[in-house]
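Under my numbering, the first residue of the sequence shown is numbered 1, with each subsequent residue one higher.
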Amino acid sequence: MDTRDEVRDRNRDAWNVGRHQAWLDALGSPAEAAAVIAADPARVARRIAPHLGEVSGLRIASVQGSHGRIAVALALMGAKATVFDFAEENRRYALALAAAAGVSVDYRLGDVMAAGGPGLDHAFDAVVMELGILHYHQDIEAFFAVMRRLAAPGARLVLCEFHPVERKLYWAGRGTAPDYFATDLVVADVPNPTGSGTSLGQCAYRFWTLAEVANAVIGAGFRLARLEEHPDWTDPTIPGTYTLVADA
Ligand SMILES: C[S@@+](CC[C@H](N)C(=O)[O-])C[C@H]1O[C@@H](n2cnc3c(N)ncnc32)[C@H](O)[C@@H]1O
């Protein structure tokens, strides 16, 4: 069994293989992608921004913010956005995207579990993340403790994530029998945004139940404000994603 550090390193390596080119293929050049975001930043940030009230002026942590589209959208809406992510190829695309959009984004490269320290502890009015975050972590209590450390007093946490019913019971990529309560690591392809079907490498994922997530959020010292479940994009009879909103 890999140690947690080995799993993290394996996942980071997978996120760096061909990733910059994959974003170019999927999203277009940074200038093209920036024009799409600038045309309607609220649409790009639609899973996050409605839970934040007035975005302008907020200091926002975009956790595992990847290619930077959410951070750039929030920055265009007037926020001061900081991305935490461990993939250099993501950073390369995100910084070019921000420059093309005419905004500044602070991109912190590294394991998000080590995020924090001077200037970052309790420095954010909102800590936000979406779609493919928690299954990279094998200790979500420790993960949400880091989120609480980034959050300023009264800050808002917004998590929009794939629903465990979809990931644990229906997701074809899993390759093992459906089991809502499974705790094993699942080795499966890293997302390839180009739709080509080519594998860019594999990650090890740990999928969490809804109760495990809610309890980890509460245990870290957040107060749960709202929990929404959304229909799956392809099968609207099952939950595909959920949004959890909580306050520090
Ligand atoms: C599916 S993406 C989430 C992207 C998000 N949907 C967005 O639009 O910004 C997952 C991201 O998590 C990052 N990641 C995974 N594990 C991480 C870790 N331990 N520390 C920092 N970043 C991590 C990957 O580099 C990748 O960018």
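Using N, Cα and C, we set each Cβ at its ideal position, and we do this for glycine too. Since the model is a prediction, treat every value here as computed from it, not as a measurement.
Can you say whether residue i is buried or exposed, counting buried as having 16 or more other CB atoms within 10 angstroms of its CB?
i	result
MET1	Here MET1 scores only 46 on pLDDT, less than 50, and its place in the model should not be relied on; the value that follows carries that caveat. Classification of MET1: exposed, given that the 10 Å Cβ count is below 16.
HIS135	buried
TRP233	exposed
TYR242	buried
ARG149	buried
PHE84	buried
THR82	buried
ILE60	buried
SER62	buried
ARG167	buried
ALA42	exposed
ILE218	exposed
Kindly indicate which residue of the options has the alpha-carbon position closest to the one of residue i.
i	options	result
VAL187	SER199, GLY175, ALA204 and GLN21	ALA204
ALA99	ASN11, ASP111, GLY221 and SER29	SER29
ASN90	TRP15, PRO236 and TYR170	TRP15
VAL44	THR237, GLY57, GLY65 and LEU58	GLY65
PRO164	PRO191, PRO153, ALA214 and THR198	ALA214
ALA96	ALA81, ALA33 and GLN202	ALA33
LEU157	HIS230, PHE144, LYS168 and ASP184	PHE144
ALA155	ARG92, ALA225 and ASP139	ALA225
VAL55	VAL72, VAL190 and ALA39	VAL72
HIS51	ASN11, ARG69, ASP125 and TYR107	ASP125
Across which residues does DSSP place residue i in a beta bridge pair?
i	result
HIS230	THR241
ILE44	Note that residue 44 corresponds to Val in the displayed sequence, not to Ile. VAL44 is not bridged to any residue.
TYR205	VAL186
PHE84	VAL63 and ARG108
ASP247	ARG156 and ARG223
I need the boundaries of the beta strand (DSSP E) containing residue i, first residue and last residue.
i	result
TYR107	105-109
ARG156	151-162
ALA126	124-130
For the alpha helix (DSSP H) containing residue i, list its first residue and its last residue.
i	result
ALA71	69-76
ASP13	4-16
GLN255	Since the first residue of the chain shown is 1 and the last is 248, residue 255 is not available in this structure.
PRO178	From DSSP, PRO178 is part of no alpha helix (DSSP H); its letter is neither H nor E.
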